[in-house]
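Protein chains in written order, with our numbering: chain A, 1 to 209; chain B, 1 to 209.
Note that CB positions come from ideal geometry on N, CA and C, so glycine has one too.
Every value quoted in this text rests on a predicted model; they were computed, and no experiment measured them.
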């Protein structure tokens with residue numbers, strides 16, 4: 001069984017990441033979504049191990065001390081983190097594990113997993129993004145301004161991602177993401193074992209007899 | 001019309017590059033094969049502008065002086081080079097231009113076109129490569145040793161390529177190459193214009209009114 005690859009997916013709020021992930025998981029069976037751990041309380045309908053692993057601060061901080069997170073952050077008084085054991089178990093099973101995190105998280109993961117694949121999802125244009133952020137027109141202008149300024153910040157780090165995918169049509173975008181993942185598996189940096197082996201065998205063959 | 005991308009394809013002798021290129025060109029219409037220029041004489045059946053552009057040394061050296069080659073080399077007393085004008089015209093037409101060159105050429109092209117895509121083609125194993133190099137068993141052991149030692153040299157630079165593709169089944173390999181090229185077009189480094197534009201528009205939108 002070949003190990004899976006680690007995929008970080010980020011994108012503008014309003015780019016449709018959630019729907020994309022759902023469609024990707026439904027269409028192909030090689031993916032697993034990473035489940036984060038958090039110290040916040042479950043909301044109605046949320047299930048432990050599905051939306052999040054819900055744990056108390058003591059457990060979370062012990063896990064931090066054991067270097068048990070690929071990345072974690074504190075946000076509004078609660079911890080959120082990506083458990084290393086869960087991700088590594090899925091990779092070992094051959095699953096391509098998707099982390100839906102933001103740019104700060106992506107940078108931390110990249111430091112630890114330099115071979116991860118990173119994707120940034122965007123609507124086809126800033127106008128379209130604005131339209132989606134405006135939603136059904138029920139938000140105040142202040143909320144919309146806040147969202148737009150957040151998107152402007154998010155846009156700053158786009159070049160740090162390997163790929164940018166445009167979510168115009170859902171199915172097309174899912175195919176594009178899947179194609180990028182398939183191509184990524186042929187990258188030389190993800191085939192070091194195979195390359196080493198063929199070199200060694202060639203050395204034996206060309207020196208032999 | 002979007003500009004095409006420049007693709008360098010190398011690989012072991014015996015990896016089946018020629019057949020792959022033919023099949024790729026037959027299956028998809030977005031590719032153009034670069035035609036090299038040479039000072040050697042045409043062989044029987046070769047046509048000017050198809051196998052090579054056949055030119056004399058004076059013309060070739062003038063073109064060198066005008067920086068008219070993406071890369072060139074002298075080999076067995078003859079010049080071989082990739083004409084820049086031909087490649088750039090095809091890229092402007094929106095064609096993805098494939099250069100089938102060796103590693104030294106690849107490095108020169110990369111210095112000039114840092115956004116080029118590079119692929120290395122290999123048989124599935126060293127044993128299989130040996131089998132192909134042995135061919136129909138009509139070659140002397142000395143010739144085979146020479147080919148194997150050449151392959152050992154060729155293997156040294158594999159990590160300098162972005163992708164390694166295994167040519168086991170022709171159609172599968174063609175699909176894989178095409179998938180890699182499609183994915184490459186979504187790389188952030190090949191979408192700088194789009195990223196710049198969306199950033200500028202977001203700045204206007206979030207500051208506006």
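{"Query": "Starting from residue 97 of chain A, trace the beta strand (DSSP E) in both directions and tell me its first and last residue.", "Result": "96-100"}
{"Query": "What would DSSP say about residue 149 of chain A, mapped onto helix, strand or coil?", "Result": "helix"}
{"Query": "Since residue 5 of chain B and residue 185 of chain B are thought to touch, with beta carbons under 8 Å apart, how far apart are those beta carbons, to the nearest angstrom?", "Result": "7 Å"}
{"Query": "I'd like to know whether the C-beta atoms of residue 86 of chain A and residue 34 of chain A end up nearer to each other than 8 Å.", "Result": "yes"}
{"Query": "Starting from residue 74 of chain B and walking both ways along the beta strand (DSSP E), at which residues does that stretch end?", "Result": "69-75"}
{"Query": "Name the chain A residues that come within less than 9 Å of residue 182 of chain B, Cβ to Cβ?", "Result": "176, 179, 180, 183"}
{"Query": "Taking Cβ to Cβ, would you say residue 181 of chain A is nearer than 8 Å to residue 96 of chain A?", "Result": "yes"}
{"Query": "Ordered along the chain, which non-local residues of its own chain (more than five positions away) have a Cβ less than 8 Å from that of residue 12 of chain B?", "Result": "121, 122, 123, 129, 151, 154, 155"}
{"Query": "Which residues, in order along the stretch 16-46 of chain A, keep a beta-carbon less than 9 Å from a beta-carbon of chain B?", "Result": "none"}
{"Query": "Under 9 Å between beta-carbons, which chain A residues line up against residue 140 of chain B? List them in chain order, please.", "Result": "Within 9 Å Cβ-Cβ: nothing; residue 140 of chain B doesn't reach chain A, min ~14 Å."}
{"Query": "Return the first residue and the last residue of the alpha helix (DSSP H) that residue 91 of chain B is part of.", "Result": "84-92"}
{"Query": "Determine whether the Cβ of residue 108 of chain B lies closer than 8 Å to any Cβ atom of chain A.", "Result": "no"}
{"Query": "Could you check how far apart the C-beta atoms of residue 67 of chain B and residue 40 of chain B are, in whole angstroms? I think they sit under 8 Å.", "Result": "Their Cβ separation, rounded to whole angstroms, is 22 Å, which puts residue 67 of chain B and residue 40 of chain B out of contact at 8 Å."}
{"Query": "Measuring CA to CA, which of B/3, B/173, B/149 is closest to residue 9 of chain B?", "Result": "B/173"}
{"Query": "Comparing alpha-carbon positions, which option in B/147, B/98, B/169, B/162 lies nearest residue 206 of chain A?", "Result": "B/147"}
{"Query": "Whose C-alpha, out of A/90, A/100, A/89, is nearest the C-alpha of residue 81 of chain A?", "Result": "A/100"}
{"Query": "May I ask you to report which of helix, strand or coil DSSP gives residue 180 of chain B?", "Result": "helix"}
{"Query": "Are there 16 or more other CB atoms within 10 angstroms of the CB of residue 119 of chain A, so buried, or fewer, so exposed?", "Result": "buried"}
{"Query": "Any beta carbon from chain A within less than 8 Å of residue 132 of chain B's own beta carbon?", "Result": "no"}
{"Query": "Once the 5 residues before and after residue 3 of chain B are set aside, which same chain residues still bring their CB inside 6 Å of it?", "Result": "91"}
{"Query": "Closest to residue 116 of chain B by C-alpha separation, out of B/16, B/29, B/61, B/160, would be which residue?", "Result": "B/160"}
{"Query": "At a CB-CB cut-off below 9 Å, which residues of chain A make contact with residue 199 of chain B?", "Result": "126, 152, 155, 156, 158"}
{"Query": "How long is the line joining the alpha carbons of residue 137 of chain A and residue 127 of chain A, rounded to whole angstroms?", "Result": "15 Å"}
{"Query": "Residue 202 of chain B to residue 144 of chain A, Cα distance in whole Å?", "Result": "12 Å"}
{"Query": "State yes or no: is the beta carbon of residue 206 of chain B nearer than 8 Å to at least one beta carbon in chain A?", "Result": "yes"}
{"Query": "Can you name the start and end residues of the beta strand (DSSP E) that residue 188 of chain B belongs to?", "Result": "Run containing residue 188 of chain B: none; DSSP gives neither H nor E here."}
{"Query": "Against residue 172 of chain A, what residues of chain B qualify as contacts under a CB-to-CB distance less than 9 Å, listed in chain order?", "Result": "Neighbours of residue 172 of chain A on chain B: none; closest Cβ ~12 Å, over 9 Å."}
{"Query": "In its own chain, which residues sit with a C-beta less than 6 Å from the C-beta of residue 158 of chain A, not counting the 5 before and 5 after it?", "Result": "120"}
{"Query": "Which residue comes first and which comes last in the beta strand (DSSP E) that contains residue 164 of chain A?", "Result": "163-166"}
{"Query": "May I have the straight-line CA-CA distance separating residue 42 of chain A from residue 51 of chain A, to the nearest angstrom?", "Result": "9 Å"}
{"Query": "Based on the DSSP secondary-structure assignment, which residues constitute the bridge partners of residue 7 of chain A?", "Result": "A/98, A/117"}
{"Query": "Return the chain-ordered list of same chain residues with a C-beta closer than 7 Å to the C-beta of residue 1 of chain B, the five sequence neighbours on each side being excluded.", "Result": "94"}
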